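Enquirer: Take -9 as the starting number for the sequence shown in this note's numbering and just add one per residue.
Structure in structure tokens, see below.
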Amino acid sequence: MEDKEASNSKGTPTKKARRFCHYNFDWESRFVWLNKCDEDNTKGYCKLFKNSFTVAYDGLKAVTHHAEAKKRKECESAAAMSHRMKFFFTPKRQRLK
């Protein structure tokens, strides 16, 4: 039993506990497509993709990485060029009494 304790003290050091990053509301002013995920405070929610991604390990770097993704840029430009349905219909006229 003493041998095991001695080998642990001379062997590999114990790992430090990794601290998780949490969602920061200041990011919403920089990224308009970003919201906090309702389920977890270590996740962000992309309005364009309608899915969540973790910021627990990388924090702001994870958000910037998501923003710079090729697929996300393609979807963002396609959304900017497409028109909403309200542009295809004429508004109803009000009835005169």
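Quick reminder that beta carbons are idealized off the backbone N, C-alpha and C, glycines included.
Since the structure is predicted, the reported quantities are computational estimates derived from the model, not experimental observations.
Express the C-alpha separation of residue 77 and residue 102 in angstroms, rounding to a whole number.
Expert: Residue 102 lies beyond the residue range present for the chain, which begins at -9 and ends at 87; the question has no answer from this structure.
Enquirer: Tell me, please, whether the segment 20 to 32 touches the segment -1 to 7 by the rule of three or more beta-carbon pairs shorter than 8 Å.
Expert: Touching, no.
Enquirer: Comparing C-alpha positions only, which one of 53, 70, 58, 41 sits nearest to residue 19?
Expert: Out of 53, 70, 58, 41, 53 has the C-alpha closest to the C-alpha of residue 19.
Enquirer: Who does residue 42 pair with in a DSSP beta bridge?
Expert: By DSSP's assignment, residue 42 forms a beta bridge with 35.
Enquirer: Would you check if the distance between the CB atom of residue 10 and the CB atom of residue 44 is smaller than 7 Å?
Expert: no
Enquirer: Alpha carbon to alpha carbon, how far is residue 42 from residue 17?
Expert: Cα to Cα, residue 42 sits roughly 15 Å from residue 17.
Enquirer: When DSSP labels each residue in this structure, what does residue 82 get in the three-state scheme?
Expert: coil
Enquirer: What's the call for residue 13, buried or exposed, on a 16-neighbour Cβ count within 10 Å?
Expert: It is buried - the Cβ of residue 13 has at least 16 other Cβ atoms within 10 Å.
Enquirer: Just mark residue 34 as buried or exposed, buried being the case when its beta carbon has 16 or more other beta carbons within 10 Å.
Expert: buried
Enquirer: I need the straight-line Cα distance from residue 67 to residue 38, nearest angstrom please.
Expert: 11 Å
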